[in-house]
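Chains as they are written, first to last, in this note's numbering: chain A, 1 to 723; chain B, 724 to 1446.
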């Protein structure tokens, strides 16, 4: 967190940080290539915005760009939009209670949050024209000069936020609610997840520390408890997620989906629910494209796997066999290759994943995003865990068998070195390799990552600014800013240069971390403790990232952590397989089966995997059963709201007594009539042709007392049952 | 189906079968022990019924019983009850659309079915007094003389029903709807399930026949296809179930739960949803009792397992080792022991299961029933599948090793036989044993079962009647029936003697059958074909059972096949393990590993189980994914109804335009004003103290045209971005 104090944003003396001039959004308009085109585009932009009731002011940006400031012209108009959104929520079942019929009452009962306002305005700007928006989509088609559309940071809130969070250990519900009100549910869900994960980590951190002291590495008991913990955490979070969604009034919001502008459609069809015409893309066509995911995944595995195996072989050869000249330098070779090739390969594969997802041509932003996340998860899974898989399941058990194949490097090296300076030492499996790797991934890598994520952007920006200052020296007033506005405009120019915040990156980091915990932490039981410490920092540095290093995010809604939930469930399950295999291979004998595969009993390994998985599934079943029977406050609230709403509707329209039991007719007072007289009456009715057999049947006993009388008489003539 | 034609019910000439005299229910009142008590009880019965608006007529039953005929006194009163039920459905979310505010319109739109009427009347009779019912529960407490309360069969419907079903191959939706209207959703769901299962069986029957011809026994491919089929069937049924529930308007009806009269409560608490006081039993106490299920299951396994192992040992000893005198008679010993001991043990264990469930003290009929079903499933699982498990996993692989232990029988036998007549032959594993057993369970047992279920009750009743006739000879008119009623009353007396129909028994039979298919059908691929034929008959004989051999069932509602769904899922999954193990053990070599366990490679067995299970889970995942993306017509209908209901409400209360986009204010016509003049204006505002910086910021450009003008001017001065 170095350098934070020095950031302008945290300097309370700056008056320009106190106002956003009532600006809702800023459009960063970059002039590309042709000025005439840019002018025409700009005209269209202002016209489109004005048409939907947005007021604009234009100012200078940097040397090649303008800043257009947007504000909704009429608050009443905006309120009508927000009210309409709320009505739509109710129509689709996101809200349980209907909005108040009186618009003002509605807003008095449930005030408009900043996030709600900003989201509505953003939709107004970006929605297609036929849906009542201005249809402006940054960087696409006629809007290619629109570099970004972003809201302005509320600096006084950010200041308070970061200060508060840095000084407390546990975040309260209130803290999360505040995030939700400012940045929307999508970001709030990330922090809620982080907070829950952090709180849940306390147990395995303590237990892991104990296990490290007492049980040592590769402990059955640690692996079992860890797996159980991951089940409880996963199942608990699924419940918590629903609870939060209800509390924030967004449950089911993923059903109201934002259409993707880039979606290409085949034909139109009537929506089975609303009856409106909707655009459809053949699901069979899409399935064909989706099937490409299989070769994609195999390709990723082959490419990244080959890279890892290659580096791994060199590393073993150099580290544990090679004994020739420059050894101390040469040992860095694999690291250098990896550091160079891995990010490049990842980028290539990721962009390929994006293209693939694009071709799958989803209707909505959410489905597109979920499909992309799935592919990114595959890439990340391979890049993150392959080194440990190779060490645990190839190097350690089969090392001795594989070493002869590494002679290829020796021969290559000998060809280059004319003198016979290449010597080799006999290969010895390094028993600490797995632990060392694990420590690298759980401690070193996390610190490096923190530095890359938190500090680097700041330094980059600083350096960039210095360069700019030197370049624009002497033309400090080139922007012709009015003096009262200058400080404010400079602040906005800074924000325009910031990155766009993408919550996916943060989720990915956490899910991959969870994977290390679930799959490999039996190797080093201090893993959860290290993650606990890391995540305390991470949570705050993520807040910093939003507040300082990124543009203020568009406050999208969400009702869960989305596609990451599946990844979480997968890793938790897969952990039961991998950790049992690791424990079986290495427990007891700290060095593992000592590189001799004949020491491994295949059926023992398979049996331990089989057992472990079934214990996992049984435990999951029990945890689900128990959690299902603990009523969730959120769902309870939802049911109660629905019930009271319906009851109210009922009482309004039908009167209060309809749910009460109807009052039966008063019993007929029985008259004392003899049986014969009655039957006579019935017979008369019959002979006069006035009664059907059915009528007559019910006329034999008139009234309760008579039935009782006759019944008793019949009973008195009966035998008593023998039993 | 012998003897059906001779049953009275199918004789159209009987006029008494054409009317039920407008009777809703009949109370079969049996006088037990004390006549005075019986008279008092009878008085209470009639009083209680009259109080809730039910008219009664009493007639003679048999020698120790009365028949009380019940009819709702006022149709209007009944309609109020039914309307109230519908409102309650809507309150709890079972109905999507609110009932029409006008009661008559409501019933015109959605007519009252026979099932709805009968259910409402039954609830009126049995509900506790404080909930507006008469509180009459057969056989319990003060109502111990009430042997049963049953509705009367609609014989003309039954006649038509059975005739129709016997002459068609496939039941239509309409057939199921009719069952639903007459017997309620609970029975209709059973027939819907049977019908779906039957239709689904066509594929494995054909495939199995092919496999039997071409692939032979123990085929990997058959087992794979069979497992895949069971996944598809299970997942498809889960969807179908929901669809049917929506179609029948009972989705979520399991939430409106019938309270159990026998429930004992600890304390009262406020219901979190409705706010009403509800009776609560400590869930911790219940959990303690529920944990007794574990020793219960182990106990069942031990007792039934021991019995099977004992009989199994004797059988092998006698059949394949023993060669002494009376062999041909002695071979029947195990069968005799089993036939005698098994039903007795099952009954003891079942009644123990009932007691256990009783002690678990559930609030509602449904949870009680589900808990009971779970225990019964365990008992049935053990009794049904143990013989095959023993043969497949003990006798076949380990037979030779176990035979020496059977010497105990030889020694015992020798002790009894003074002469040395006991000779033994060398043990030879019978390779056909497994197949023979499988054929027994899938063909012979099904036929025996059909006979027991369909024909035996009829014969029993016939015999019983003959005895009665002989006994009551000469007192044919002892009942003093009015001649016009005599035939009708005789019919009712017959129905009073019939069994109560329990759909659980029928479900159990089908689920256990599904288990044979899923677990063991690789042994004999003709299994599904045999089941297909059996089920065609079964479906019709079950209809017969209801129509002829049972009292008309109370038409309860249900929204699924209930706890059997879990059993189905379990068997489908377990089948993937068991059938892969069987195929691994016996494929290739038809005789299996020949009794020598060293031929079995443990890791091979484990690997095939592990692989098979994961292929199963992956296939399940895919099938679920695909089925999830096929929209279910039922859910679609539900969503559409909800949507249109809300939309209508909205239009009624807010006007049609609220879901339309609000019209933005017309854009301001821009005036041509120079920039300097504008800034001057702003400055004036500022110097006169009339504007905050925010106001001034938005005043610099007045109107759209000016913003455009200034923007274009700014652009013209910019550099073009280099890229």
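Backbone N, C-alpha and C define an ideal beta-carbon position, used for all residues, glycine too.
Tell me residue i's beta-bridge partners as DSSP assigns them.
{"i": "residue 872 (chain B)", "result": "B:750"}
{"i": "residue 779 (chain B)", "result": "B:793"}
{"i": "residue 583 (chain A)", "result": "According to DSSP, residue 583 (chain A) bridges with nothing at all."}
{"i": "residue 269 (chain A)", "result": "A:278"}
{"i": "residue 499 (chain A)", "result": "A:550"}
{"i": "residue 65 (chain A)", "result": "A:30"}
{"i": "residue 259 (chain A)", "result": "A:364"}
Tell me whether the beta-carbon of residue i lies closer than 8 Å to the beta-carbon of residue j.
{"i": "residue 488 (chain A)", "j": "residue 19 (chain A)", "result": "yes"}
{"i": "residue 35 (chain A)", "j": "residue 64 (chain A)", "result": "no"}
{"i": "residue 362 (chain A)", "j": "residue 371 (chain A)", "result": "yes"}
{"i": "residue 232 (chain A)", "j": "residue 207 (chain A)", "result": "no"}
{"i": "residue 801 (chain B)", "j": "residue 772 (chain B)", "result": "no"}
{"i": "residue 1165 (chain B)", "j": "residue 1062 (chain B)", "result": "no"}
{"i": "residue 1423 (chain B)", "j": "residue 42 (chain A)", "result": "no"}
{"i": "residue 584 (chain A)", "j": "residue 617 (chain A)", "result": "no"}
Where residue i and residue j are concerned, what is the direct C-alpha to C-alpha distance, given to the nearest angstrom?
{"i": "residue 1332 (chain B)", "j": "residue 1300 (chain B)", "result": "5 Å"}
{"i": "residue 569 (chain A)", "j": "residue 234 (chain A)", "result": "7 Å"}
{"i": "residue 1394 (chain B)", "j": "residue 82 (chain A)", "result": "A caution first: residue 1394 (chain B) carries a pLDDT of 38, below 50, which makes its placement in the model too unreliable to give a value."}
{"i": "residue 1035 (chain B)", "j": "residue 959 (chain B)", "result": "39 Å"}
{"i": "residue 876 (chain B)", "j": "residue 1218 (chain B)", "result": "8 Å"}
{"i": "residue 854 (chain B)", "j": "residue 516 (chain A)", "result": "57 Å"}
{"i": "residue 474 (chain A)", "j": "residue 62 (chain A)", "result": "With a pLDDT of only 48 at residue 474 (chain A), under the threshold of 50, the placement of this residue in the model should not be trusted, and no figure is reported."}
{"i": "residue 596 (chain A)", "j": "residue 624 (chain A)", "result": "Only weak support is given to the placement of residue 596 (chain A): the predicted model assigns it a pLDDT of 48, under 50, and the value that follows is read from those uncertain coordinates. Taking the straight line from one Cα to the other gives about 42 Å."}
{"i": "residue 1356 (chain B)", "j": "residue 966 (chain B)", "result": "7 Å"}
{"i": "residue 511 (chain A)", "j": "residue 922 (chain B)", "result": "44 Å"}
{"i": "residue 574 (chain A)", "j": "residue 223 (chain A)", "result": "13 Å"}
{"i": "residue 719 (chain A)", "j": "residue 789 (chain B)", "result": "11 Å"}
{"i": "residue 1109 (chain B)", "j": "residue 1191 (chain B)", "result": "43 Å"}
{"i": "residue 364 (chain A)", "j": "residue 279 (chain A)", "result": "11 Å"}
{"i": "residue 745 (chain B)", "j": "residue 823 (chain B)", "result": "28 Å"}
{"i": "residue 658 (chain A)", "j": "residue 964 (chain B)", "result": "For residue 658 (chain A), the predicted structure reports a pLDDT of 49, less than 50, and the residue's modelled location is therefore unreliable. The matter cannot be settled from this model."}
So, does the CB of residue i fall closer than 8 Å to a CB anywhere in chain A?
{"i": "residue 669 (chain B)", "result": "Residue coverage of chain B in this structure runs from 724 to 1446, which leaves residue 669 (chain B) outside it and unanswerable."}
{"i": "residue 1000 (chain B)", "result": "no"}
{"i": "residue 1285 (chain B)", "result": "no"}
{"i": "residue 1366 (chain B)", "result": "yes"}
{"i": "residue 1424 (chain B)", "result": "yes"}
{"i": "residue 1028 (chain B)", "result": "no"}
{"i": "residue 1005 (chain B)", "result": "no"}
Does residue i get closer than 8 Å to chain B when you measure Cβ to Cβ?
{"i": "residue 704 (chain A)", "result": "yes"}
{"i": "residue 70 (chain A)", "result": "no"}
{"i": "residue 60 (chain A)", "result": "yes"}
{"i": "residue 397 (chain A)", "result": "no"}
{"i": "residue 293 (chain A)", "result": "no"}
Select from the stretch 607-627 of chain A all residues with a C-beta closer than 7 Å to any C-beta belonging to chain B, and list them in chain order.
607, 609 and 610
(Q) Please identify, using Cβ separations under 7 Å, the residues of the stretch 741-775 of chain B that lie next to chain A, in order along the chain. (A) 742, 744, 745, 753, 754, 755, 756, 758, 761, 762, 765, 766, 769, 770, 773, 774 and 775
Contact list for the stretch 102-115 of chain A against chain B, Cβ threshold 8 Å:
none
**Asked** In chain order, what residues of the stretch 247-275 of chain A put their CB closer than 7 Å to some CB of chain B?
**Response** 272, 273 and 274
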